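Right, one structure below, let's go through it.
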Amino acid sequence: MTESPGGSANVPSRDRRRFPGISSRAYEHPADRSALVALRKLSGFDTVFKTLSGLLPERSLRLLFLSDSVRVGEQQFAHLNDMLRDACYILDLEKVPPMYVNQDPQPNAMCIGLDEPIIVVTTGLVELLDEEEMRAVIGHEVGHALSGHAVYRTILLFLTNLAMKVAWIPLGNVAIMAIVTALREWFRKSELSADRAGLLVGQDLQASMRGLMKLAGGNHLHEMNVDAFLKQADEYEAGGDLRDSVLKILNLLPRSHPFTTVRAAELKKWAASRDYQRIMDGHYPRRDEDKDTSVSDSFRDSAAHYADSVRNSKDPLMGLVRDIAGGAGDLGGKLRDTVFRGGARSDGESGGNGGNGSGGSDRPEAS
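Start counting the sequence shown at 1; every next residue gets the next number (the numbering used here).
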């Protein structure tokens, strides 16, 4: 038996590889690391961060969950407690964070806190997922804790609420919304990192895929198919014209999480990568090496990732970017054809349904 954080003997319930001393750099998405660096360089962010660190009601939050939620432990939600300790054991997190189950039918989970992270999962999530799917989600949240994401998530929640309260003041929320927008962009990327951490903990790609499908379509696995679900992500990326590309961006901006099909496709791609295999073989960055890493390396990795994304993307807007970078001739004509080709097709097929439409909604999301 191996001693786990907290002193009691604890090992995963089945044979899973452990990663002693693993650095969060091992699984962090390149855009997560560079976006966080860019966020810290945002004008006024340091001042806001230092001010909020003293103002945020963290103690109040902890008391709220302690008084009005169920704290996971050996006597309450023992199976979740085992999963949490397993996750901390596998990722070698020194201290097991407190975890609470909160009564809420919406499936959700979060890792928040400035001084020390706490994990909260909703009853909707606990009831939706099976054991292996839940293990991946808890690993996801432990990944947030190991990466230090909890601090910025807490500030994002506070600023989003504050922006709503001061929206009536002329220009009162402009600076706040600038920081909220930057935080959301970073947090969407951090979710991709945490999905990877969840896979490292669960070590079951199919369970991770099932969990994401359930977040999108509910507890109807017999009606869903992983391959068809992933095909939706490919269709989403490649479909439409430049107008659709712009709409995709507008749909994404208010969200704290990437779209579920996109998360599934990104995770499957990483699971098939050499980087993932090297981690599973025991070759990964260690925490004791973190102090020697450079900011410029993070930006280079991120730049390489975005360049590769533009090269391989099937999105019409990314195709236009490639054409511009390649010095395409008759760019104006190409832009006109790309934009209006879809419009002409839509006009021709509209029939009597021109008045029908649907609006997007920012649904509650689970981490």
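Cβ atoms here follow ideal geometry from the backbone N, Cα and C, with glycine treated the same way.
On a predicted model such as this, the values are computed, not experimentally measured, just so you know.
query	result
Cβ neighbours of residue 194 in the same chain (closer than 6 Å, five flanking residues each side left out)	140, 143 and 144
Cutoff 8 Å: residue 108 Cβ touching any chain C Cβ	Absence of chain C from the displayed structure is noted, only one protein chain being present.
Counterpart residues of residue 70 in DSSP-defined beta bridges	101
Beta-carbon separation (whole angstroms), residue 98 vs residue 71, contact threshold 8 Å	6 Å
C-beta atoms of residue 214 and residue 128 nearer than 8 Å	yes
Where residue 196 falls: helix, strand or coil (DSSP)	helix
Residue 17, DSSP secondary structure in three states	coil
For residue 262 and residue 347, the rounded distance between their alpha carbons	A caution first: residue 347 carries a pLDDT of 44, below 50, which makes its placement in the model too unreliable to give a value.
Selected residue, minimal CA-CA separation from residue 64, among 85, 225, 130 and 103	103
Nearest-angstrom beta carbon gap, residue 138 and residue 224 [assumed within contact, 8 Å]	Wrong, their Cβ atoms sit about 22 Å apart, outside the cutoff.
Environment of residue 20 [buried if 16+ CB atoms lie within 10 Å]	exposed
Given residue 135 as reference, the closest of 79, 268, 227 and 235 once Cα atoms are compared	79
Segments assigned alpha helix (DSSP H), at least 4 residues, entirely inside the stretch 114 to 151	123 to 128 and 131 to 147
Unbroken alpha helix (DSSP H) run spanning residue 110, endpoints	Looking at the DSSP string, residue 110 is not in any alpha helix (DSSP H); the run it does join, the beta strand (DSSP E), is 109 to 112.
Sheet register partners of residue 286 (DSSP bridge)	22
Collapsed DSSP secondary structure at residue 86 in the structure displayed	helix
Member of 203, 186, 267 and 187 whose CA lies at the smallest distance from the CA of residue 226	267
Member of 279, 228 and 212 whose CA lies at the smallest distance from the CA of residue 109	212
First and last residue of the uninterrupted alpha helix (DSSP H) at residue 96	Residue 96 -> no alpha helix (DSSP H), and no H or E assigned at all.
Residue 201 and residue 87 closer than 8 Å at C-beta	yes
Exposure of residue 222, with buried meaning 16 or more beta-carbon neighbours within 10 Å	exposed
Where residue 222 falls: helix, strand or coil (DSSP)	helix
Neighbourhood of residue 18 by C-beta, 6 Å cutoff - its chain only, sequence neighbours within 5 removed	90
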